[in-house]
Amino acid sequence: MSWWIWFVLGFLLLGGEVLTPGGLYLLFFGFGALCVGLLGLAGLAGPVWAQWFLFTLFSVLFLVLVRPRLLGRLRTPEGVDDTLVGEFALAQSAIAPGALGKGELRGSTWTLSNAGSVPLAPGDRCRVERVEGLTLHVRR
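Our numbering puts the first residue of the sequence shown at 4, with every later residue one more than the last.
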């Protein structure tokens, strides 16, 4: 196969990784295709069966050697969310009970979910009860 086909395949796989909520699988197959494309551009890829073999080899090597390290860096360390529980955030907008709004904590803007039965007004201090992703569940 021509080297540019491997580049197109590689970029399609990288784009697929961006568009899907996968676990970083397509990324490494994309890297494998780009590596074969580079070898083909240099004239070192060989026949089609060798190109597919190299694609498989590079992809599996990237999956086995790089993916665990990358996932380790991307994961939130255990207990980081727990350090926010009990702290006080400052509501930046009016938030009805059960509704979402904006608030500030530690100098960053967060999405706040009013877990209480009392509406929050801008400037109200509210206690963080739990953290769910990037949303802080708060109560006055």
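We put the CB at the ideal spot given by N, CA and C, even for glycine.
Please read these numbers as outputs of a predicted model, since none were measured by experiment.
Neighbourhood of residue i by C-beta, 7 Å cutoff - its chain only, sequence neighbours within 5 removed
i, result
"Gly19", "Leu29"
"Met4", "Val51, Gln54"
"Phe10", "Leu37, Gly40"
"Arg142", "Ala118, Gly119, Cys129, Arg130, Glu132"
"Phe65", "Phe31, Phe34, Gly35"
"Glu90", "Leu108, Val131"
Burial state of residue i (16 or more Cβ within 10 Å)
i, result
"Gly106", "buried"
"Gly40", "buried"
"Ser111", "exposed"
Close-in-space but distant-in-sequence residues of the same chain around residue i (CB under 6 Å, 5 per side omitted)
i, result
"Ser116", "Leu103, Thr138, His140"
Neighbourhood of residue i by C-beta, 8 Å cutoff - its chain only, sequence neighbours within 5 removed
i, result
"Thr23", "Leu29"
Contact check, residue i vs residue j, beta carbons under 7 Å
i, j, result
"Pro125", "Ala99", "no"
CB-CB length for residue i against residue j, believed under 8 Å
i, j, result
"Trp6", "Gly43", "3 Å"
Residue closest to residue i, alpha-carbon to alpha-carbon, out of the options
i, options, result
"Leu12", "Ala45, Gly25, Ser62", "Ser62"
"Leu93", "Thr86, Trp113, Phe14", "Trp113"
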